[in-house]
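Novice: In the working numbering, the protein residues as written are 7 to 188. All C-beta atoms, glycine included, are put in the ideal place defined by N, C-alpha and C. Before we start, here is the structure in question, set down as structure tokens.
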């Protein structure tokens, strides 16, 4: 069990004690889980405040202020890849736009998880101009997500549960100190 925990900490940023930027889980799945339950069993660490961001509020503003950025985030597929060597050799890949809309143009789902974005391919089968425009739009979007004024920051109490919409609410965590990790 200890080897497994150490190995998971190496391959998945969520299991360490470092700062974890806001993200949506499992973006490589065709149908990622829509609801997440976060239960804080015990909270005896220093730091580790939870972060939540309403990505739809940011995207609504982006649609109005930078429609060019909004459009490219909706129309350019991003490659997400997760590989767990040594655990179960799982290799999962999916390619989807950062922003998905309904047929009527309403926001449907956001997909973004920095540590499973394929850094080699990043954007699927596009020219250099599209890649540059996507990166500019994505960087702008990420700055809004990472801006503390757009985040709800709160340290959970022991036995407290938070339920979120995983397609809309991005979640993260501040760095923490706890004896097994320090």
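Under 8 angstroms, do residue 181 and residue 23 count as touching if we go by C-beta distance?
Specialist: Contact: yes.
Novice: Please determine if the region 171 to 181 and the region 51 to 68 are in contact, where contact requires at least 3 C-beta pairs separated by less than 8 angstroms.
Specialist: Yes, they touch.
Novice: Which term fits residue 147, buried or exposed, when burial requires 16 or more other beta carbons within 10 angstroms of its beta carbon?
Specialist: Under this definition residue 147 is a buried residue.
Novice: What separation, rounded to the nearest whole angstrom, lies between the Cα atoms of residue 104 and residue 27?
Specialist: So the two alpha carbons sit approximately 16 angstroms from each other.
Novice: Cutting at 6 angstroms between CB atoms, please list the residues of its own chain near residue 73, excluding the five before and the five after it.
Specialist: No residues qualify anywhere along the chain.
Novice: Check residue 50 in the structure and name its three-state DSSP category.
Specialist: Here residue 50 sits in coil by DSSP.
Novice: In this structure, what does DSSP give as the bridge partners for residue 88?
Specialist: Beta-bridge pairing links residue 88 to 98.
Novice: Using 8 angstroms as the threshold, is the region 28 to 45 in touch with the region 130 to 140, meaning 3 or more CB pairs across them?
Specialist: Contact fails: fewer than three Cβ-Cβ distances are below 8 angstroms.
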